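All residue numbers in the sequence shown are consecutive under my numbering, ending with 574. Each remark here refers to the structure printed beneath this line.
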Amino acid sequence: MNKAPAPLWPAPPDTIAPVPPSYWGVWSRTLLQTPQLRDTSTFVRWMQLGRWHVDLRVPASGNAPLQGFSGVTEVTQRPEGEVCTWRRLVDYEPPRATVDEGFMVFETPERVIETGIHSSYHEVWERLPGSLGQRIALAEPEQAECNGGARIFVAGRYLMRVRPCAPIGPQFEISFGTWDGSHWTVEQSTLAALVGQRLPMALAPTQPSSQPHSAEVRQGDATSAWAVLEWFTP
C-alpha cells in the first residue's frame, strides 16, 4: 500500500508559547556579517506574529539564490542569553542540517542584533514603522494541487502570502507588500511577475468575535473561507 504524501504544512508543535511582544511586527535586515561576506543589499523581511513567522530574502544580484520560509517561533532563556528559534514548517530551500536559532539582544525597542549559535554570523534587524497593531494568520483549506493550501499573514499595514509547492520550483510563492484593507501592493516575491502588482485583497471574520475561527478571504474575484490561526485587531 502506498503511503499518503506528507503534508506540505506539517502541524506545528502545540507546546510553543507566543513570543514576547518585543518581537511583533516586520523586521528589515540591514546587515549580515560573516567571516566570508558583508551584505547590506539583500531584501530581507521577517514578519513575526504571536506564534507565526514568515521570512523572505531576495538578493540584489541574480547570482545568489532566493530564500524564504515560514513556521512558528519560540523564544527561550539560556544562561548565555535570549534565544530565538525559527521552527520552519515550509522552506523554499532544502531542509537545514541545523536548527535555525540565534542569540538576540535588543539595542533599542526597534533594533535587535542576532548572533549565530550553530554558525558564525551577525545580523542587524530594524522594525518597520507601521508594522505593529493588527496580527492575522490565516490558512487556506488543503488543495488538490501541489500547493497544499496557502497562508496569509498580516502585521500592521503589511501582508505576506505563502503558497508552498513540492518540489521547489516556479510555483512556490512567498510575497511581501503593503495592504490597505482592500488592496495589496506586492513589493517583493519569489514570483517575479507579482512584483509591483496591486491586487484586490480583503479579509473579514465570518462571525462577530474577537477570536474568530474562520474568515472570508477575497482575492481578485474569488472569495473563500479560510481557517484563522491567529487574529488580533486593536
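Idealized CB from N, CA, C, for every residue including glycine. What you are looking at is a predicted structure, and each value in this text was computed from that prediction instead of being measured.
Same chain, Cβ closer than 6 Å to residue i, five either side skipped, listed in chain order
i, result
"Pro-574", "Gly-473"
"Gln-511", "Cys-505"
"Val-452", "Met-444, Phe-446 and Trp-465"
"Leu-539", "Trp-524"
"Pro-545", "Pro-552 and Ala-555"
"Leu-534", "Ser-515 and Val-526"
DSSP three-state assignment for residue i, whether helix, strand or coil
i, result
"Ser-362", "helix"
"Ala-400", "coil"
"Ala-533", "helix"
"Gln-474", "coil"
"Leu-542", "First, the residue type needs correcting, since residue 542 is Ala and not Leu in the sequence shown. The answer is strand: DSSP assigns Ala-542 an E or B state."
"Ala-357", "coil"
"Phe-512", "coil"
"Asp-440", "strand"
"Pro-561", "Pro is not the amino acid found at residue 561; the sequence shown has Asp there. Three-state result, Asp-561: coil."
"Glu-482", "coil"
"Gly-517", "strand"
"Gln-373", "strand"
Beta-carbon proximity list for residue i, same chain, < 8 Å, skipping 5 on both sides
i, result
"Glu-450", "Glu-466 and Arg-467"
"Ser-564", "Glu-480, Pro-481, Glu-556 and Val-557"
"His-462", "Leu-371, Leu-372, Gln-373, Thr-374, Ile-453, Glu-454, Thr-455 and Gly-456"
"Gly-489", "Leu-348, Trp-349, Ala-479, Glu-480, Pro-481, Glu-482 and Gln-483"
"Gln-547", "His-553 and Ser-554"
Cβ neighbour criterion (16 or more within 10 Å) applied to residue i
i, result
"Glu-447", "exposed"
"Ala-495", "buried"
"Ser-550", "exposed"
"Glu-433", "exposed"
"Gly-421", "exposed"
"Ser-522", "exposed"
"Thr-413", "buried"
"Gly-402", "exposed"
"Gly-470", "exposed"
"Arg-369", "buried"
"Gly-390", "buried"
Assumed close pair residue i, residue j - CB separation to whole angstroms, cut-off 8 Å
i, j, result
"Val-408", "Thr-530", "Per the sequence presented here, residue 408 reads as Gly, with Val not at that position. Sure, about 6 Å apart at Cβ, within 8 Å."
"Phe-516", "Leu-396", "5 Å"
Candidates the options: closest to residue i by CA position
i, options, result
"Pro-435", "Leu-348, His-553, Pro-552 and Ala-532", "Leu-348"
"Ala-400", "Ser-381, Ala-477 and Phe-572", "Ser-381"
"Val-430", "Pro-350, Leu-499, Phe-383 and Pro-419", "Pro-350"
"Arg-428", "Glu-422, Pro-375, Gln-528 and Ala-437", "Ala-437"
"Val-423", "His-458, Tyr-432, Glu-433 and Val-394", "His-458"
"Trp-524", "Ile-514, Glu-513, Met-541 and Val-535", "Met-541"
"Leu-543", "Leu-499, Gly-509 and Ala-533", "Leu-499"
"Gln-388", "Gln-376, Leu-371 and Trp-367", "Trp-367"
"Thr-455", "Arg-385, Arg-475 and Pro-375", "Pro-375"
"Gln-528", "Glu-414, Trp-386, Ala-357 and Pro-469", "Trp-386"
"Ala-404", "Asp-379, Arg-418, Glu-414 and Asp-395", "Asp-379"
"Ala-357", "Arg-369, Trp-392 and Val-398", "Trp-392"
"Val-359", "Leu-396, Val-384 and Thr-416", "Thr-416"
"Gly-384", "Leu-406, Gly-402, Pro-548 and Glu-570", "A small correction: the amino acid at residue 384 is Val; Gly does not occupy that position in the sequence shown. Per the Cα distances, Leu-406."
"Glu-570", "Trp-519, Asp-520 and Ile-476", "Ile-476"
"Arg-306", "Trp-364, Gly-442 and Pro-352", "Absent from the model: residue 306. The displayed extent of the chain is 341 to 574, so no value can be given."
"Pro-352", "Trp-426, Pro-419 and Arg-418", "Trp-426"
Spatial neighbours of residue i in its chain, beta-carbon cut-off 7 Å, leaving aside the 5 residues before and after
i, result
"Ser-362", "Phe-446 and Pro-449"
"Val-568", "Leu-478, Pro-552, His-553, Ser-554 and Ala-555"
"Val-394", "Met-387, Ser-410, Phe-493, Met-500, Val-502 and Ile-514"
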